[in-house]
Every structure is written in C-alpha cells, then in structure tokens.
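**Student:** The sequence shown begins at 0 in numbering that gives the first Met the number 0 and counts up by one. Every residue gets a Cβ at the ideal spot worked out from N, C-alpha and C, and that includes glycine. Right, I'll just put the structure down here and ask away after.
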Amino acid sequence: MKFFIDTANLSHIKEANDLGILDGVTTNPSLMAREGIQGKKAVMEHYAAICELVNGPISAEVLSDNSHDMLLEAEELAEIHENIVVKVPITLDGLKVIKNLSERRIATNCTLIFTAGQALLAAKAGATYVSPFLGRLDDVSAQGIVLVEHIRHIFDSYLYDTQILAASVRSSAHITQCASAGADVVTAPLEPIIGLIKHPLTTQGLEIFKKDSVHLK
Ligand code: E4P
Numbered sequence: 000m001k002f003f004i005d006t007a008n009l010s011h012i013k014e015a016n017d018l019g020i021l022d023g024v025t026t027n028p029s030l031m032a033r034e035g036i037q038g039k040k041a042v043m044e045h046y047a048a049i050c051e052l053v054n055g056p057i058s059a060e061v062l063s064d065n066s067h068d069m070l071l072e073a074e075e076l077a078e079i080h081e082n083i084v085v086k087v088p089i090t091l092d093g094l095k096v097i098k099n100l101s102e103r104r105i106a107t108n109c110t111l112i113f114t115a116g117q118a119l120l121a122a123k124a125g126a127t128y129v130s131p132f133l134g135r136l137d138d139v140s141a142q143g144i145v146l147v148e149h150i151r152h153i154f155d156s157y158l159y160d161t162q163i164l165a166a167s168v169r170s171s172a173h174i175t176q177c178a179s180a181g182a183d184v185v186t187a188p189l190e191p192i193i194g195l196i197k198h199p200l201t202t203q204g205l206e207i208f209k210k211d212s213v214h215l216k
C-alpha cells in the first residue's frame, strides 16, 4: 500500500518525506487555505514547491464547478509538473472532465466519494484514483472502511485499474484497516502516520535495554 500525506503544510510534507516512506501528497482547498495561501499565483507556486519536495503523485484540486472551467484549470495544473494529479469532484461535470483528461493521459483523482456507485462511475470514466472519504462517513454513523471493501470487490470483479486512495483518514488504526481492506493508497495527516510506530511496550523495552546496556559499552 502506498502512503500519501494529506496536507499542504511544507514542514509536515518534508518530515514525512525524510522518513523514507512517503509516496505522494494530496491537498484540497481547505488544506491550502489552512496554510494561508491566497490567490492563484501563490497556489500554483505552492504546488510547485510540493513537487520539488516529493518525487511522487501530487493531487491538486480544481476549484470551478463547470466542466469548461474545470478543464482549463486542469490544464494549467498539469503544466506545473509531470507529477501533478488533477483532483476532480464526483459531479456530472467532474465526470466529463475525468473522461476528457483520461483520454489525454492526464492523471486524475476523483474526490468526495461516499458510495460505491460514485466510485464505479469514476472508474468507468477512467479516473487514475478514487478517494473514498472514510472519516466523514464515520462522522455520520456509517462505516467508511466498509466502503473501501465494497469498492475493492467491484474493481477486482471487473478488473478496473483505477486505484483506491483511502482519504479522510483520522487515526493510525484507520491506516491499518485500509491496508486490510485492500486500499491501493492511503492518504493521512502526519500524526496518524507517525502514530503507527508508537507502542508503550516498545518504549518500555527500549528503556530496559538502555539501562542494561550501561556496562556493555
Ligand atoms: C482527501 O484527499 C481529502 O484531502 C481529505 O482526506 C479530507 O479529509 P477530512 O475529512 O479530514 O477533511
């Protein structure tokens, strides 16, 4: 399973990249706004800075809601760097954009997926990735991980090569659940990624070994 970091924060991206386990980055308009980025020029420069930091797919989301403008935006985003993946919402206009970009071999990430039917449409349109939002489903008393399993079953049954990019991940446990459910990629903030390494018995074991090694050096 590939690991993407879900942030536009450059120091978090660098920290995860330095661990040697990072395969890519996802952003969204809220994450960009959180970094205080304002205006198109600053947005484009920020994506370019992320592409300089990480050698892997970098999702950059379109902001328009009609297919004509989305396509123009997608072309501009794709020109920033060859690793840019154009993130497009699952709407009727978005679907047309995904189809158009896929025919031109421009990578896409279909976002805001909350049902298997939406994922199926995106895959048929030729999306490179679909992003089911686990945490937001959990927030409304549904089971996000069940959606990942459902999409996995459909994609395997019909041999779609669209990759399942599990998103809206809120915890380290979510990450391992995504791995069990067959997600191709998980995208998570830095904290749940780093949280995977923590265990009190590891910390305790290290302290014991340190104490016992005093006379061995
Ligand atoms: C997906 O790519 C989105 O950027 C993100 O995972 C949404 O997460 P949230 O529900 O925590 O905002």
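Contact check, Ala48 vs Val85 under 8 Å by CB: the rounded distance?
**Tutor:** That belief does not hold up - the Cβ atoms of Ala48 and Val85 are roughly 18 Å apart, past 8 Å.
**Student:** Which stretch, first to last residue, makes up the beta strand (DSSP E) that contains Ile83?
**Tutor:** 83-88
**Student:** Inspect the CB distances between the stretch 140-156 and the stretch 90-108 and report whether three or more fall short of 8 Å.
**Tutor:** no
**Student:** Is it right to say Leu111 is buried, meaning 16 or more other beta carbons lie within 10 angstroms of its own, or is it exposed?
**Tutor:** buried
**Student:** With DSSP as the reference, identify every bridge partner of Asn108, one or two as the case may be.
**Tutor:** Lys86, Tyr128
**Student:** Should Glu72 be labelled buried (16 or more other beta-carbon atoms within 10 Å of its own) or exposed?
**Tutor:** buried
**Student:** Verify whether the separation of the beta carbon atoms of Tyr128 and Gln162 is less than 7 Å.
**Tutor:** yes
**Student:** Among Ile153, Phe208, Leu76, which one has its Cα closest to the Cα of Ala41?
**Tutor:** Leu76
**Student:** For the stretch 165-180 against the stretch 118-134, are there 3 or more C-beta pairs whose distance is under 8 Å?
**Tutor:** yes
**Student:** Go ahead and label Ala126 buried or exposed: buried means 16 or more other beta carbons lie within 10 angstroms of its beta carbon, across all protein chains shown.
**Tutor:** buried
**Student:** Where does Asn54 land, buried or exposed, given buried means 16+ other C-beta within 10 angstroms?
**Tutor:** Exposed, by the Cβ-count rule.
**Student:** Would you call the CB atoms of Val145 and Ala182 closer than 7 Å?
**Tutor:** no
**Student:** What does a CB cutoff of less than 6 Å around Ile83 pick up in its chain, not counting 5 residues either side in sequence?
**Tutor:** Ile57, Ala59, Leu76, Ala77
**Student:** Taking DSSP's pairing of strands, which residues face Ser58 in a bridge?
**Tutor:** Thr25, Val84
**Student:** So, are the CB atoms of Pro188 and Thr26 less than 7 Å apart?
**Tutor:** no
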